[in-house]
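For what it's worth, numbering that gives the first Met the number 0 labels the leading residue of the first sequence as 0, then goes sequentially. Notes follow the structure.
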Amino acid sequence: MTLRLFDSKDRALVDFVPLVPGHVGIYVCGPTVQSSPHIGHLRSALAYDQLRRWLSYCGFTVTYVRNVTDIDDKILLNAEGSTEEWWALAYRVELEFTAAYNAIGVLPPTYEPRATASIPEMQAIITRLIEGGHAYATDDGTGDVYFDTASWPDYGELTHQKLDDMAPAADSDSRGKKDVRDFALWKGHKEGEPLTAAWSSPWGAGRPGWHIECSAMSTKYLGTQFDIHGGGLDLRFPHHENELAQSRAAGDAFANYWLHNGLVAVTGQKMSKSLGNSIFASELIASAKPVVLRYYLGAAHYRSTLEYHEGALEEAEAAVARIEGFLDRAERRLADTRFAGTAELVIPDEFREAMDDDLSVPQAVAVIHETVRRGNAALDDEDFAETAALLGQVLAMTEVLGINPLSPEWASGEDGVAERALATLVERLVSDRETARKTRDFTTADRIRDELGQAGISIEDTPSGAHWSLDG
RNA sequence: GGCGCCUUGGCGGAGUGGUUACGCAGCGGUCUGCAAAACCGUUUACACGGGUUCGAGUCCCGUAGGUGCCUCCA
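Right under this line is the structure:
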């Protein structure tokens, strides 16, 4: 079975056929580094991380490019009046994004180009557009260059809208435009703007418009035609529509497939600064273990709206604990049998089919839980061959999704000194409790268990002895 | 006004024509000295009204409510 993806442009599930067999080029619109990352940024990055991991698992060589928009109105605005330069602000925020991505195991892209590093490529496209009659420099002395939407009959093809039906943008800077729907390719430098934010160009000093950067960077690194273009649903229009129009008008075939991830809603509404309901990455990272956060953000289908609600992370924590419990228990139980270390990393067919079906992660996760259930049952039956087989499957599946709770990437960064000290003390108490239980002194045994419990340490009695673990 | 999306059991969240999604929470049971964990069972869901069909959360039409984009946005 081949991978099928929902193409936003076709509005249909389509078979994925790469341009070059065995290779996939993906371009994803990354963040404008104007302010701290929030839950939506993480969700988006995670969605394409899942895609990238699945393609890699399937044997593709993936070239994954996710840009950083480091020059834009908002960045200049946010730096205005502060002692921090706009470029310092952009870089500081970029580092925050990188840290947040790393925290939840989003693999670094193959390359992460910054818009400011591709100004010449943007200018080259603009020049081609002007020469082709699809763009014009204004004659009002501003140095602005606009895309001429009326000159491009296919304008609106991505979002299936007719130019005439679109509400004219209430754009205060539209004086030089031929049509209010035309969008900026190049913005002439304005009085008072930092000179560091102006690049020389055939149309005068200035800076790029928002959309042109993605046309330039995607084709620069992936070629004038490439496989997949992704981004948040809110970027479909105008950003992606404009990207597509200017790239096609400039003669590039551009993306073969368009993917859009769903947004995050808080109490039924899209998160936004004006509503004051933003959930920032830093809050999430502080309130849940990284693997739990990754599980939660990735467990819903990438095209669905993800509802953030109180208790969501606790639910995810319980689900992850269930998986971890099996992995932990199975490895411990198999350790002193001939099945130790024999688990083969096998992806079950049902999991593969789910992932191939437009990345149906919810169903893939259901396969994991089902396998965990069967694995636990096998453990209860002391069927170690079956346990080992299912252990391998769960490990393989959770690895592909990046949610293996036992993966070294989730290990705490502590040096282990404190942990060893704790283990020594706890094991002493556990041993005391075992002694008490043998003499049927359950009062003492239960007291030790209660005291450990109050310290956040759980005790589980198993056929092979008591096992302790830290809660959470 | 234009282009979309959503409405599933206590909660989250899959499912696009015909057998249990799955997770969390609850309840009952097995196991256990008691627990915990685990397993088994269970709570008979698909906004509403029509229609198509042998058969519809699942397709069609309509109604209601919610929501996204059209302005910076993952």
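No residue lacks a Cβ here, since even glycine has one placed at the ideal position from N, Cα and C.
Is the distance from the Cβ of Ala363 to the Cβ of Ala353 below 8 Å? yes
Name, in chain order, the residues that DSSP records as bridge partners for Thr60. According to DSSP, residue pairing for Thr60 in a beta bridge involves His22.
Kindly indicate which three-state DSSP category Gln453 falls into: helix, strand or coil? helix
Lys219 - containing alpha helix (DSSP H), residue span: Ile211 to Leu221
Boundaries of the alpha helix (DSSP H) in which His368 is found, first to last residue: Residue range Val360 to Asp379 is occupied by the alpha helix (DSSP H) that includes His368.
What is the rounded straight-line gap between the Cα of Thr62 and the Cα of Glu111? For Thr62 and Glu111, the distance between alpha carbons rounds to 11 Å.
Report the residue from Ile284, Ala136 and Asp181 whose alpha carbon sits nearest the alpha carbon of Ala102. Ile284
Option in Tyr154, Ile70 and Glu330 with minimal Cα separation from Lys186: Ile70
8 Å contact criterion, which Asp534 and Tyr307 should meet: CB distance rounded: Because residue 534 is not part of the residues shown, which for the chain are 0 to 471, the question remains open.
Looking at Leu184 and Gln224, is the spacing between their C-beta atoms short of 8 Å? no
Between the beta-carbon of Ser214 and the beta-carbon of Ile124, is there less than 8 Å? yes
Taking three-plus beta-carbon pairs below 8 Å as touching, is the stretch 239-253 in contact with the stretch 90-109? No, they do not touch.
Ignore the nearest five residues each way along the sequence and tell me which others in Ser150's own chain have a CB closer than 7 Å to its CB. Gly132 and His133
Proximity winner among Thr442, Leu428 and His22, relative to Leu221 (alpha-carbon distances): Between Leu221 and the set Thr442, Leu428 and His22, the nearest pair of CA atoms involves His22.
When you compare each of Ala299, Ala78 and Thr386 to Thr195 by their alpha carbons, which one comes out closest? Ala78
Using the Cβ count rule (16 or more neighbours within 10 Å means buried), how would you classify His159? exposed
Residue of Gly39, Ala197, Arg91 and Pro17 minimising C-alpha distance to Asp72: Ala197
According to the Cβ coordinates, are Trp209 and Gly142 closer than 8 Å? No. Outside cutoff.
Label Gly261 either buried or exposed according to how many other C-beta atoms from any shown protein chain fall within 10 Å of its C-beta, with 16 as the threshold for buried. buried
Pro207: which of Asp138, Ala387 and Arg113 sits nearest, CA to CA? Arg113
Close beta carbons around Leu45, own chain, < 8 Å, minus the five adjacent residues each side: Ile103, Val105, Arg293, Leu296 and Gly297
Under the three-state reduction of DSSP, which class applies to Ser171: helix, strand or coil? Low confidence applies here, because Ser171 scores a pLDDT of 43, under 50, leaving its location unreliable; read the following figure in that light. Coil at Ser171, not helix or strand.
Nearest-angstrom beta carbon gap, Ile38 and Ala287 [assumed within contact, 8 Å]: The pair is not a contact, with the Cβ atoms about 11 Å apart (cut-off 8 Å).
According to DSSP, which residues form a beta bridge with Asp460? Ala465
Check whether the Cβ atoms of Leu390 and Leu326 lie closer than 8 Å to each other. Yes, they are a contact pair.
State the Cα-Cα distance for the pair Ala249 and Met121, rounded to the nearest angstrom. 11 Å
Quick check: Pro404 and Val319, are their CB atoms within less than 8 Å of each other? yes
Where the alpha helix (DSSP H) through Leu389 begins and ends: Phe383 to Leu400
Ends of the alpha helix (DSSP H) at Trp202? Premise fails: Trp202 is in no alpha helix (DSSP H) and is neither H nor E.
For Asn241, does the three-state DSSP call read helix, strand or coil? helix
Endpoints, alpha helix (DSSP H) assigned at Gln224: Gln224 -> not in any alpha helix (DSSP H); beta strand (DSSP E) instead, spanning Gln224 to Gly231.
Put Asp9 into one of helix, strand or coil per three-state DSSP. coil
Go to Phe236, then tell me how far its beta strand (DSSP E) extends in each direction, as first and last residue. Premise fails: Phe236 is in no beta strand (DSSP E) and is neither H nor E.
Are there 16 or more other CB atoms within 10 angstroms of the CB of Ser171, so buried, or fewer, so exposed? Low local confidence applies: a pLDDT of 43 at Ser171 is under 50, so the model's placement there is unreliable, and no value is given.
Runs of 3 residues minimum, wholly inside the stretch 127-171: which ones carry the beta strand (DSSP E) assignment? Runs of the beta strand (DSSP E) inside the stretch 127-171: 134-136 and 144-146.
If you draw a straight line from the C-alpha of Ala169 to the C-alpha of Lys177, how long is it? Reliability of the predicted coordinates at Ala169 is poor, the pLDDT of 48 falling under 50, and the value obtained from them is presented with this limitation in mind. Roughly 14 Å between the two C-alpha positions.
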